[in-house]
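Since the structure comes first, as structure tokens, the remarks are kept for the end.
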Amino acid sequence: MPETTQSVNWQALADRVLAGETVTREAALAMLQVPDTELLDLLSAAYKIRHHYFGNRVRLQVLMNAQSGLCQEDCHYCSQSAISEAEIQKYPMQSRETILAGAKRAADMGAATYCMVTSGRTPSDRHVDYMADIVREIKSTLNLKVCCCLGLLSEEQARRLKEAGVDRYNHNLNTSAEHTPNVVTTHTYQDRVDTVARVKAAGLSPCSGVIFGMGESDSDAVSVAFALRGLDADSIPVNFLNPIAGTPMAGQNDLTPRRCLKLLAMVRFINPTKEIRMAGGREVNLRTLQPLGLYPANSLFVGDYLTTPGQMPAEDHRMLTDLGFEVESQSPAAPGCC
1350 MPETTQSVNW QALADRVLAG ETVTREAALA MLQVPDTELL DLLSAAYKIR HHYFGNRVRL
1410 QVLMNAQSGL CQEDCHYCSQ SAISEAEIQK YPMQSRETIL AGAKRAADMG AATYCMVTSG
1470 RTPSDRHVDY MADIVREIKS TLNLKVCCCL GLLSEEQARR LKEAGVDRYN HNLNTSAEHT
1530 PNVVTTHTYQ DRVDTVARVK AAGLSPCSGV IFGMGESDSD AVSVAFALRG LDADSIPVNF
1590 LNPIAGTPMA GQNDLTPRRC LKLLAMVRFI NPTKEIRMAG GREVNLRTLQ PLGLYPANSL
1650 FVGDYLTTPG QMPAEDHRML TDLGFEVESQ SPAAPGCC
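Taking my numbering, the leading residue of the sequence shown gets 1350, the next gets one more, and so forth.
Take a look at the structure:
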């Protein structure tokens, strides 16, 4: 019999997940449809899983937008896309000094991982070599894990990044295979899956996540969470659409704070051992309920995002202190170590 919100004991389901059981698709869908009166029960059960693997530790990561705008892709959510009319800063690759200074700021903020992001479909070999050289210096001077997010990647480019000391590569699935054509037409869902496969083959830790709030159905949301499980992504950033003026998705408002919490819990149940990060859009969508998001999630981006401001780092640290949580060491241990 399909599971419904009336038939699921969330604590018992968490115990079964901890014993090695995979949640059913029906149970995952039920999480998204749970009445708000049961939301705290669902979060408590998700926290049981999160605490088992990560305790009350929170991993902090910092983004550097190393190249802004100037992108050929037509991703409807993105202020940097070719079809965006958003008023953002656009600039070519940042200087070596600027990127290295960003790494130092990340370390000073207590971040475990520094993620360098560039806009564009795919990096040139020259840009890969430039980033690889910077990574070597970061790794020789700072106690930071390094993540790169440079677009679609070839096997050879992935290998060169690995040799330079890159720990992790981010390439998000963003949404389900079925919903992807409604979000972007200049690349396919399979293009993204193939990049994650190349990253793994090169020995890099795969980071791949989602953006919720882009008009996806409950079925789409559950499908992408299971797809990430299938890819064995070590780190899963959960973004919530920030509908930026000038993008095709400006004015879209499908999310509530309670919906965001249900989505985070669902991703945790499906990917129990993985790092799950509250990422872009958490401030504008979770609002005053942000602290509750850390009951299923165990990681945060701190500071600003690519083209939008984030919550002040001091506020994030105050939130963690109020929760009784602690910032994880800059040399994090398994699972999902990087």
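Backbone N, C-alpha and C define an ideal beta-carbon position, used for all residues, glycine too.
Excluding residues up to 5 positions away in sequence, Val1411, Tyr1463, Leu1493 lie with their Cβ nearer than 7 angstroms to the Cβ of Ala1455 in the same chain. Closest in C-alpha terms to Ala1379, from the list Thr1605, Phe1618, Gly1404, comes Phe1618. Closest in alpha carbon position to Cys1498, among Leu1577, Ser1554, Ser1572, is Ser1554. For Glu1375, there is no enclosing beta strand (DSSP E); the enclosing alpha helix (DSSP H) covers residues 1374 to 1381. Looking from the CA of Ala1582, the closest CA among Val1407, Val1542, Leu1669 belongs to Val1542. For Asp1423 against Ala1435, the beta-carbon gap comes to about 14 angstroms, at or over 8 angstroms, which does not count as contact. With contacts defined as CB atoms closer than 9 angstroms, Phe1561 and Ala1570 qualify as a contacting pair. Assignment of Asn1521 by DSSP, reduced to helix, strand and coil, places it in the coil class.
The beta carbon of Met1458 lies closer than 8 angstroms to those of Leu1409, Val1411, Val1651, Gly1652, Pro1662 in the same chain, with the five residues before and after it left out. In this chain, the beta strand (DSSP E) harbouring Glu1624 covers 1624 to 1627.
Looking at the backbone, the Cα of Thr1534 and that of Ser1557 are separated by about 20 angstroms. Looking at Val1366, Gly1451, Pro1472, Leu1655, the one whose alpha-carbon comes closest to that of Ser1417 is Leu1655. Following the DSSP letters along the chain, one finds Ser1554 inside the beta strand (DSSP E) bounded by residues 1554 to 1556. As DSSP reads the structure, Pro1586 sits in a beta bridge with Arg1626.
Restricting attention to Ala1526, Ala1481, Asn1358, the CA atom closest to the CA of Arg1445 is found in Ala1481. Check the Cα spacing between Asp1540 and each of Arg1578, Ala1513, Gly1500: the tightest is with Gly1500. If you check the CB distance, Ala1513 and Val1466 do not come in under 9 angstroms.
Boundaries for Cys1496: no alpha helix (DSSP H) harbours it, while the beta strand (DSSP E) harbouring it runs 1494 to 1498, taken from the DSSP string.
Here Gln1416 is bridged, per DSSP, to Thr1467. Only residues of its own chain outside the window of five on either side were considered, and among them Tyr1538 have a CB closer than 6 angstroms to the CB of Thr1529, listed in chain order. Secondary-structure assignment with DSSP links Gln1410 through a beta bridge to Thr1462, Phe1650. A Cβ-Cβ separation of about 14 angstroms leaves Ile1585 out of contact with Arg1631 under the 8 angstroms criterion. In this structure, DSSP gives Tyr1426 a state outside helix and strand, which the three-state scheme calls coil. Val1407 sits close to Leu1669, with the two beta carbons spaced by under 9 angstroms. Distances from the CA of Leu1362 to each of Thr1386, Leu1388, Lys1397, Asp1385 were compared; the closest alpha carbon is that of Lys1397.
In this structure Val1616 is not in contact with Leu1580, their Cβ atoms being roughly 13 angstroms apart against a cut-off of 8 angstroms. Annotation: the continuous alpha helix (DSSP H) that includes Phe1403 extends over 1388 to 1403. Counting along the chain, Phe1561 sits inside the beta strand (DSSP E) bounded by residues 1559 to 1561.
Put simply, the backbone Cα of Lys1488 is about 8 angstroms away from that of Val1495.
Ranked by Cα distance from Ala1507, the options His1476, Gln1438, Asp1364 are led by His1476.
If you check the CB distance, Leu1510 and Ala1452 do not come in under 9 angstroms. Taking each of Arg1547, Ala1460, Glu1486, Leu1502 in turn and checking the Cα distance to Gly1469, the smallest one comes out for Leu1502.
Counting the other Cβ atoms within 10 Å of the Cβ of His1425 gives 16 or more, which makes it buried.
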